[in-house]
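Undergrad: Below you'll find the structure I mean.
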Amino acid sequence: MATKASRSAARIMMAPAVILLLGWMLVPLIMTLWFSFRVYLPLRGGDQGWAGFDNYIRFVTSSAFWPSVQTTLIIVLGVLVITVVFGILIALLLDQPIWGQGVVRILVIAPFFVMPTVSALVWKNMFMDPVNGLFSHLWRFFGAEPVSWLSDASLPSIIMIVSWQWLPFATLILLTAVQSLDSEQLEAAEMDGAPWHKRFWFLVLPHLSRAITIVILIQTIFLLAIFAEIFVTTGGAFGTRTLSYLIFQRVLESQNIGLGSAGGVYAIILANIVAIFLMRIVGKNLD
Amino acid sequence: MGQIQLKQVTKSFGDVQVIPPLDLTIQDGEFTVFVGPSGCGKSTLLRLIAGLEDISSGHIEIDGKDATDLVPAKRGLAMVFQSYALYPHMSVRKNIAFPLRMAKMDPAEIDRRVNAAAEVLNLAAYIDRRPGQLSGGQRQRVAIGRAIVREPSAFLFDEPLSNLDAALRVGMRMEISELHKKLKTTMVYVTHDQVEAMTMADKIVVLQAGVIEQVGSPLELYRRPRNTFVAGFIGSPKMNLISGEEAAKHDAATIGIRPEHIDVVESGGTWQGTVGVAEHLGSDTFFHIHNTGLTEMITVRAIGDINLTHGDTIHLNPRMNELHRFDAQGLRID
């Protein structure tokens with residue numbers, strides 16, 4: 642990429658991919674913006690002209706809006722904390738030489754291969770069912786009253802399901818980071834008289850900071866948009882309506898595309914606010 | 184204080200015994216060098232002393248106290264690693280202060296000691312930088328600094344110079360030697376480079392396959408190698424080891440003669456041959472000589488620049504009083 646000719650050749654060769662990706666992003670974005678300013682009710686007369694900022698005002702002033710933002714942030718934050726903390730612990734465990742290491746590692750990664758809809762259904766019917774679920778049997782075995790997880794502890798339940806799905810991803814990335822730590826550094830710290838918890842705090846954790854940053858950033862992108870887990874478990878009831886679920890309800894259940902599109906624009910704004918906060922907090926670890 | 188004593192120490196990894204029973208005493212204040220080819224167990228031996236590996240059997244005593252089961256931090260030893268093992272996210276100051284912080288020392292005392300170490304090692308100019316911004320030689324100094332602030336009873340060096348370029352290595356070699364003269368602390372130094380061993384050591388321990396071949400001062404090893412392995416390992420260029428008919432003339436299975444103990448003469452020498460490669464260094468000339476009628480190729484080190492090149496005939500006169508004789512087991516015959 643040194644000469645002028647090779648630079649322009651590189652640009653020409655990259656162009657198709659860049660144009661395709663840009664189009665892929667811009668077309669839906671512009672359509673969303675377009676519809677958000679229209680009165681568009683598919684079953685009640687279709688596109689009925691301009692709405693100005695009515696959709697935006699209606700979406701924010703609806704009593705469901707702020708609770709849905711709050712729910713979204715609680716789920717994102719809860720899952721991030723659980724996956725990072727347990728991801729580090731499991732990564733440290735998997736780094737120990739054990740018999741059958743390869744098999745164990747593959748098993749740990751397994752949940753990531755299960756589709757969100759399937760895993761949510763498995764959790765709902767096999768674990769959290771208040772009558773026949775494994776948890777209810779376990780509770781009854783100890784003489785306790787079974788918990789109806791998805792109605793009484795709906796938010797923690799969903800956080801648990803989503804964490805279970807994302808834990809392997811966090812573990813995998815953190816494990817590679819743990820393995821890349823120079824063992825001589827740990828030995829030097831051992832000779833310097835640092836017990837294991839101080840070696841963890843002063844050496845392992847700073848070494849992992851970049852991997853933790855990557856885990857947080859990537860997971861946040863996906864967690865802001867979780868949908869299937871809520872759809873198949875609570876259907877947005879019991880305080881589990883996230884912003885993306887609210888948009889879905891506005892578009893499909895209320896059949897109001899204009900209102901839903903305005904919600905979509907708010908979701909973009911929320912995602913960007915979260916992204917700016919994250920980059921402020923953890924982004925410096927990336928350089 | 185810093186006497187280290189190994190008594191019947193062994194080390195096995197699974198079924199493989201890398202160190203058969205071994206006895207060794209390192210005196211207080213001594214600069215001891217473990218030297219041997221790669222894989223001879225010298226680094227393992229150092230790690231056993233440090234406590235980073237558990238010994239399979241035997242005892243380690245430090246200052247007369249049994250340290251076999253002590254954790255590394257409690258042995259009062261400091262180690263400098265081959266990769267320096269600096270903590271990358273801490274500044275030089277914090278790196279050096281780390282062992283003191285772990286010992287929960289008073290901050291004022293930590294500052295005093297770190298500044299003193301920085302003074303000794305000329306680190307002051309980059310004390311607030313991070314290891315990633317330093318050159319190899321500077322990192323090496325920081326690693327040594329981190330070792331000396333603890334005021335340990337002995338220093339352990341694990342091939343500390345092998346990542347440096349040749350010029351820097353000579354400089355650091357001198358610095359470490361001077362540090363030893365200044366601190367008078369026991370130092371145990373592992374290297375595969377016999378030049379480092381010869382120049383720095385008070386006592387050299389030559390190891391092969393986990394077995395001590397010989398222990399002695401550099402010149403003892405040079406003058407009276409106990410067997411053919413030590414004879415071949417110590418000295419540069421390597422000693423010529425000649426077997427067969429020529430050795431039989433001297434009632435030995437193998438005879439050894441150092442390249443610097445063979446004189447080049449105009450004519451009528453004991454041996455003659457053709458020059459294969461001539462290395463002209465200015466101060467010396469190394470000749471690799473073929474077709475001498477001996478079983479092995481001969482290396483000769485002549486003082487000054489001698490004008491012989493590839494293909495020339497050369498006449499040689501070995502100094503018979505400098506001849507080393509070895510029996511069929513490779514052991515020295517006196």
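Top to bottom, those sequences are chains A and B.
This note's numbering numbers the first residue of the first sequence as 642 and each following residue consecutively.
This note's numbering numbers the first residue of the second sequence as 184 and each following residue consecutively.
Don't be surprised by glycine CBs; every beta carbon is placed ideally from N, CA and C.
Remember, it's a predicted structure, so these values are computed and weren't measured experimentally.
Going by DSSP in three states, Met920 (chain A) sits in which element: helix, strand or coil?
TA: Residue state, collapsed to three classes: helix.
Undergrad: Looking at the secondary structure, which residues open and close the alpha helix (DSSP H) in which Tyr372 (chain B) lies?
TA: Counted as a single uninterrupted DSSP element, the stretch harbouring Tyr372 (chain B) is not any alpha helix (DSSP H) but the beta strand (DSSP E) occupying residues 369 to 374.
Undergrad: So, using beta-carbon positions, are Ser226 (chain B) and Asp341 (chain B) closer together than 7 Å?
TA: Closer than 7 Å, so yes.
Undergrad: Taking its Cβ as the centre, do 16 or more other Cβ atoms sit within 10 Å of Met756 (chain A), making it buried, or is it exposed?
TA: exposed
Undergrad: Does DSSP put Gly456 (chain B) in a helix, in a strand, or in coil?
TA: strand
Undergrad: For the 8 Å Cβ check, are there 3 or more pairs between the region 869 to 877 of chain A and the region 653 to 660 of chain A?
TA: no
Undergrad: What number of angstroms, rounded off, separates the C-alpha of Leu846 (chain A) from the C-alpha of Met370 (chain B)?
TA: 33 Å
Undergrad: In angstroms, rounded to a whole number, what distance separates the CA positions of Leu858 (chain A) and Glu825 (chain A)?
TA: 30 Å
Undergrad: Just tell me which of A:Arg699, A:Phe843, A:Val892, A:Leu816 has its CA closest to the CA of Leu734 (chain A).
TA: A:Leu816
Undergrad: Going by alpha carbons, who is nearest to Gly315 (chain B) out of B:Gly247, B:His272, B:Glu292, B:Arg295?
TA: B:His272
Undergrad: Is Arg324 (chain B) near Leu304 (chain B), with beta carbons less than 7 Å apart?
TA: yes
Undergrad: Cβ atoms of Phe214 (chain B) and Asp385 (chain B): under 7 Å apart, would you say?
TA: Contact flag set, yes.
Undergrad: List, in chain order, every chain A residue whose beta-carbon is nearer than 7 Å to that of Pro255 (chain B).
TA: Glu831, Met832
Undergrad: Answer yes or no: do Leu205 (chain B) and Leu231 (chain B) have a C-beta to C-beta separation smaller than 7 Å?
TA: Not a contact, by the Cβ cut-off of 7 Å.
Undergrad: According to DSSP, is Arg515 (chain B) part of a helix, a strand, or is it coil?
TA: Strand.
Undergrad: Return the chain-ordered list of same chain residues with a C-beta closer than 7 Å to the C-beta of Ala250 (chain B), the five sequence neighbours on each side being excluded.
TA: Ile243, Glu244, Arg258
Undergrad: Between Gln806 (chain A) and Phe753 (chain A), which are expected to be in contact by the criterion C-beta below 8 Å, what is the C-beta distance as a whole number of angstroms?
TA: 7 Å
Undergrad: Output needed for Lys839 (chain A): all residues of its chain with C-beta closer than 7 Å, excluding positions within five of it in sequence on either side, in chain order.
TA: none
Undergrad: Should Pro343 (chain B) be flagged as near chain A, meaning a C-beta pair shorter than 7 Å?
TA: No, its Cβ sits nowhere closer than 7 Å to a Cβ of chain A.
Undergrad: Return helix, strand or coil for Ala532 (chain B), following the three-state DSSP convention.
TA: Nothing in the structure corresponds to residue 532 (chain B), since chain B is present only between 184 and 517.
Undergrad: Between which residues of its own chain and Glu786 (chain A) is the CB-CB distance below 8 Å, once the five residues before and five after are set aside?
TA: If we look at Glu786 (chain A) and ignore the five residues flanking it on each side, its Cβ neighbours are Trp780.
Undergrad: Residues in the region 264 to 298 of chain B with C-beta within 7 Å of chain A's C-beta atoms, listed in sequence order?
TA: Those would be Phe264, Ser266, Ala268, Tyr270, His272, Phe281, Pro282, Met285, Ala286, in chain order.
Undergrad: Which of helix, strand or coil does DSSP assign to Glu396 (chain B)?
TA: DSSP places Glu396 (chain B) in strand when its eight states are reduced to three.
Undergrad: Is it the case that the region 403 to 414 of chain B contacts the region 279 to 297 of chain B, given that we only count it when at least three CB pairs across the two stretches are under 8 Å?
TA: no
Undergrad: For the region 208 to 242 of chain B, which residues have a beta carbon sitting closer than 9 Å to at least one beta carbon of chain A?
TA: Arg230, Ala233, Gly234, Leu235
Undergrad: Verify whether the separation of the beta carbon atoms of Gly880 (chain A) and Asn696 (chain A) is less than 7 Å.
TA: no
Undergrad: Once DSSP output is grouped into helix, strand and coil, what is the label at Glu244 (chain B)?
TA: Under the three-state reduction of DSSP output, Glu244 (chain B) falls in the strand class.
Undergrad: Tell me, please, whether the CB atom of Gln806 (chain A) is closer than 7 Å to any CB atom in chain B?
TA: no
Undergrad: With distances taken from CA atoms, which of B:Asp198, B:Ser345, B:Gly399, B:Val275 is nearest Ala307 (chain B)?
TA: Comparing Cα positions, the closest option is B:Val275.
Undergrad: Cutting at 8 Å between CB atoms, please list the residues of its own chain near Arg312 (chain B), excluding the five before and the five after it.
TA: Result list for Arg312 (chain B): Ser274, Val275, in chain order.
Undergrad: Applying the 10 Å Cβ sphere with the 16-neighbour rule, what's the burial state of Val292 (chain B)?
TA: It is Glu, not Val, that sits at residue 292 (chain B) in the sequence shown. Answer is exposed; the Cβ neighbour count stays below 16.
Undergrad: What residue range does the alpha helix (DSSP H) around Val720 (chain A) cover?
TA: Per DSSP, Val720 (chain A) belongs to the alpha helix (DSSP H) from 706 to 736.
Undergrad: Grouping DSSP H, G and I as helix and E and B as strand, with all else coil, what is Lys287 (chain B)?
TA: coil
Undergrad: I need the boundaries of the alpha helix (DSSP H) containing Pro797 (chain A), first residue and last residue.
TA: Element bounds for Pro797 (chain A): 795 to 820.
Undergrad: Whole angstroms are fine: how far does the CA of Leu229 (chain B) sit from the CA of Ile202 (chain B)?
TA: 12 Å
Undergrad: What does DSSP give as the partner residues of Ile438 (chain B) in its beta bridges?
TA: In DSSP, Ile438 (chain B) forms a bridge with B:Ile425, B:Arg508.
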